[in-house]
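K.L.:
Protein chains in written order, with our numbering: chain A, 1455 to 1762; chain B, 1455 to 1762. Ideal placement from N, C-alpha and C gives every residue a C-beta, glycine not left out. One structure, pasted below without further comment.
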């Protein structure tokens, strides 16, 4: 029923390493995640360069790549949680052997800029989790967000009953393997070896700090290359602060109107406002396993566990 | 010596039509360009939908596309000047028959979002001018900018002697056909039928209102697909307001440092701060004809006229 390998399910006492492939953060911003993972029964350690800082990057490209590859290569490490997004993974993605990383079946967790690595790992055959990172738990989150993340940590995929639903742009139902992530990284992947493969898939889309016309431009880019037309379903999460980022020179349109206008003509089951992305109410979203989208009900239901 | 056709040189009394393929503007913003073109001896008319407004677009996609195609199709129109950039050309670019438009050998002028149309026309065999639009002359410009634009209007390509030079990132000289434009449109073209062709070319790059890490991401995208590595030379203009657009969450690096860091390893003659882009001192830059880049001298010299 699925084309990808699944990561190995974590066991009590397993070691999780936090790495920083993108932008920098500080020690105190790691602590809530360290505490959460420890409370869930795992051991936690930090990649060598997690606290490095090099402009808007958590250390040099070589340092960040080294930490990531070493976490996959080290047999004692069972899962890899990213420190934060921001920017940076695409600077060394072309130097990664995604097939070798995927073959380790490590459980890989992160979102935002980390989309680059998900796309590469998913393409190379490993399912992953588009889910909170260390920085995510430095702010208060609704209980269902914590419940969702803990489910995922244990490789399960039931959506908490109290999580909000999405709203249909185009009704209908679809089944497919889930792909996608942060919109600007999806478009930044076009033409690369880790380009998003949308054919027959349910595509997740969210972003942060994009101006309304850039949301339009990026969706239009995916349409211009025929990517969205091939999808089985589309699930749009939050476009955080987009309506605040209106370009004063050209004016704006509320992002939900833009997304609706760009996607409604596709005739593909599509929902809006599904709770994931850069906002406090983010669900943890497995990538690379099958799900069923019921657009009329605004619901995405995973059809299998993430880990085995 | 050149692979593309050249537009037909304008004659006194020729008709120039102003069209708006991207974002909207108002009547009074058209007047300085109308006056300038008239003073240069041309007749000027407006496309039917130039003053339309549809959110951040100058009318519906169909209206904007219609005006553009009609301007190319109408034998009485000898040149097409775009009203402004902003955003919008990519929304209908896939519906254009660029080969048919290019075959008319109309003289096409614009920049910024209009990059999309330049790339398509250049690929289809027509040289064009990356040059001021109507909105550009609603602000005061240095005399050399006006001189440069008037030269281009008459199909000539000499750079005014008082225009500033660029600064070398990588020294050396290169010759090639000039391509490029606004960075986010160059990356938005990847995978489309109008994707920028960089092989053996001199690539122009500028942008506006991008955050520092997005400049990095877009250059990295062009590197990740191998586009910049194939260029003969690279000419970077202004990255307007980029240093003001630093993401508070991740911090910034001055854009000139980013551009230098991303491009200096290529071993390709490359200059920075060449005067074109979204700033008052913008030169008019022909696309699709041959030029010589002397990176040590910071100078780009066109080797042929734009029109014939």
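Would residue 1662 of chain A and residue 1732 of chain A be called neighbours here (beta carbons separated by less than 9 angstroms)?
P.N.:
Result yes, Cβ atoms of residue 1662 of chain A and residue 1732 of chain A sit closer than 9 angstroms.
K.L.:
Does residue 1640 of chain B get closer than 9 angstroms to chain A when you measure Cβ to Cβ?
P.N.:
Residue 1640 of chain B does not count as touching chain A.
K.L.:
Between which residues of its own chain and residue 1578 of chain A is the CB-CB distance below 6 angstroms, once the five residues before and five after are set aside?
P.N.:
Result list for residue 1578 of chain A: 1552, 1553, 1556, in chain order.
K.L.:
For a contact defined as C-beta to C-beta under 7 angstroms, what are the partners of residue 1548 of chain B on chain A?
P.N.:
Those within 7 angstroms of residue 1548 of chain B in chain A are 1678.
K.L.:
Look up residue 1745 of chain B in the DSSP assignment and give the residues it is bridged to.
P.N.:
Answer is B/1630, B/1756, bridged to residue 1745 of chain B.
K.L.:
So with CB distances below 7 angstroms, who are the chain A contacts of residue 1703 of chain B?
P.N.:
Chain A residues near residue 1703 of chain B: 1540.
K.L.:
Select from A/1708, A/1619, A/1537, A/1631 the residue whose C-alpha is nearest the C-alpha of residue 1684 of chain A.
P.N.:
The shortest C-alpha separation from residue 1684 of chain A is found at A/1631.
K.L.:
Per DSSP, what are the beta-bridge partners of residue 1584 of chain B in this structure?
P.N.:
DSSP output for residue 1584 of chain B lists B/1564, B/1739 as bridge partner(s).
K.L.:
Residue 1487 of chain B lies in the alpha helix (DSSP H); which residues open and close that run?
P.N.:
First-last of the alpha helix (DSSP H) with residue 1487 of chain B: 1481 to 1493.
K.L.:
For residue 1460 of chain B, is the classification buried or exposed, using 16 other Cβ atoms within 10 angstroms of its Cβ as the cut-off for buried?
P.N.:
Under this definition residue 1460 of chain B is a buried residue.
K.L.:
Tell me the start and end of each unbroken beta strand (DSSP E) in the region 1589 to 1630 of chain A that is at least 3 residues and wholly inside, in chain order.
P.N.:
Runs found: 1621 to 1624.
K.L.:
Tell me whether residue 1456 of chain A is buried or exposed, calling it buried when 16 or more other Cβ atoms sit within 10 Å of its Cβ.
P.N.:
The predicted position of residue 1456 of chain A is uncertain, since its pLDDT is 44 and thus under 50; no value can be drawn from it.
K.L.:
For residue 1761 of chain A, list the residues DSSP reports as bridge partners.
P.N.:
Residue 1761 of chain A is not bridged to any residue.
K.L.:
List the residues of chain B whose Cβ lies closer than 8 angstroms to the Cβ of residue 1689 of chain A, in chain order.
P.N.:
What residue 1689 of chain A touches in chain B: nothing, since even the nearest Cβ is about 22 angstroms away.
K.L.:
Have a look at the DSSP bridge pairing and note the partners of residue 1659 of chain A.
P.N.:
BP columns for residue 1659 of chain A point to A/1635, A/1690.
K.L.:
Which of the three DSSP states, helix, strand or coil, is assigned to residue 1516 of chain B?
P.N.:
In the structure shown, residue 1516 of chain B sits in a helix (DSSP, three-state: H, G or I).
K.L.:
Scan the region 1465 to 1496 of chain A for residues whose Cβ lies nearer than 9 angstroms to a Cβ of chain B and list them as they occur along the chain.
P.N.:
Those residues of the region 1465 to 1496 of chain A that come within reach of chain B (Cβ to Cβ, closer than 9 angstroms) are 1476, 1477, 1478.
K.L.:
Might you give, ordered along the chain, the residues of its own chain that have their beta carbon closer than 8 angstroms to the beta carbon of residue 1587 of chain A, omitting 5 neighbours on each side?
P.N.:
Within the same chain, residue 1587 of chain A has close Cβ partners 1487, 1535, 1536, 1537, 1538, 1539, 1563, 1564, 1565, 1566, 1568.
K.L.:
Ignoring anything shorter than 3 residues or poking outside the region 1524 to 1558 of chain B, list the beta strand (DSSP E) runs there in chain order.
P.N.:
The region 1524 to 1558 of chain B contains these whole beta strand (DSSP E) runs: 1531 to 1536.
K.L.:
Look up residue 1472 of chain A in the DSSP assignment and say whether it is helix, strand or coil.
P.N.:
If DSSP states are grouped into helix, strand and coil, residue 1472 of chain A belongs with the strands.
K.L.:
Just how far apart, CA to CA, sit residue 1465 of chain B and residue 1496 of chain B?
P.N.:
Between residue 1465 of chain B and residue 1496 of chain B, the C-alpha separation is close to 8 angstroms.
K.L.:
What number of angstroms, rounded off, separates the C-alpha of residue 1594 of chain B from the C-alpha of residue 1694 of chain B?
P.N.:
Their Cα atoms are separated by approximately 17 angstroms.
K.L.:
Using a Cβ-Cβ cutoff of less than 8 angstroms, which residues in the same chain neighbour residue 1717 of chain A once the five nearest sequence positions on both sides are dropped?
P.N.:
Counting only Cβ-Cβ distances below 8 angstroms, and skipping sequence neighbours, we find 1623, 1624, 1673, 1682, 1688, 1690, 1724.
K.L.:
So for residue 1715 of chain A, helix, strand or coil by DSSP?
P.N.:
Residue 1715 of chain A: helix per DSSP, three-state reduction.
K.L.:
Can you tell me whether residue 1508 of chain B is helix, strand or coil according to DSSP?
P.N.:
Residue 1508 of chain B falls in the strand class under three-state DSSP.
K.L.:
Considering residue 1724 of chain B, what are the terminal residues of the beta strand (DSSP E) in which it resides?
P.N.:
Note, residue 1724 of chain B: beta strand (DSSP E), 1724 to 1726.
K.L.:
Could you have a look at residue 1640 of chain B and say whether DSSP puts it in helix, strand or coil?
P.N.:
If DSSP states are grouped into helix, strand and coil, residue 1640 of chain B belongs with the helices.
K.L.:
In this structure, does DSSP put residue 1497 of chain B in helix, strand or coil?
P.N.:
If DSSP states are grouped into helix, strand and coil, residue 1497 of chain B belongs with the strands.
K.L.:
Note the first and the last residue of the continuous alpha helix (DSSP H) segment covering residue 1574 of chain B.
P.N.:
Unbroken alpha helix (DSSP H) run through residue 1574 of chain B: 1569 to 1577.
K.L.:
Taking DSSP's pairing of strands, which residues face residue 1459 of chain A in a bridge?
P.N.:
Looking at the DSSP assignment, residue 1459 of chain A forms a beta bridge with A/1580.
K.L.:
The alpha helix (DSSP H) spanning residue 1652 of chain B covers which residue range?
P.N.:
Looking at the DSSP string, residue 1652 of chain B is not in any alpha helix (DSSP H), and its letter there is neither H nor E.
K.L.:
In three-state terms, what does DSSP make of residue 1698 of chain B?
P.N.:
Correct three-state label for residue 1698 of chain B: helix.
K.L.:
Residues in the same chain with beta-carbon distance under 6 angstroms from residue 1637 of chain A, minus the five sequence neighbours each way, listed in chain order, please.
P.N.:
Only 1659, 1661, 1672 meet the Cβ criterion.
K.L.:
Tell me which same chain residues have a C-beta within less than 7 angstroms of the C-beta of residue 1604 of chain A, skipping the five on either side of it?
P.N.:
1494, listed in sequence order.
K.L.:
My output table needs one value for residue 1666 of chain B: the three-state DSSP class, helix, strand or coil.
P.N.:
If DSSP states are grouped into helix, strand and coil, residue 1666 of chain B belongs with the helices.
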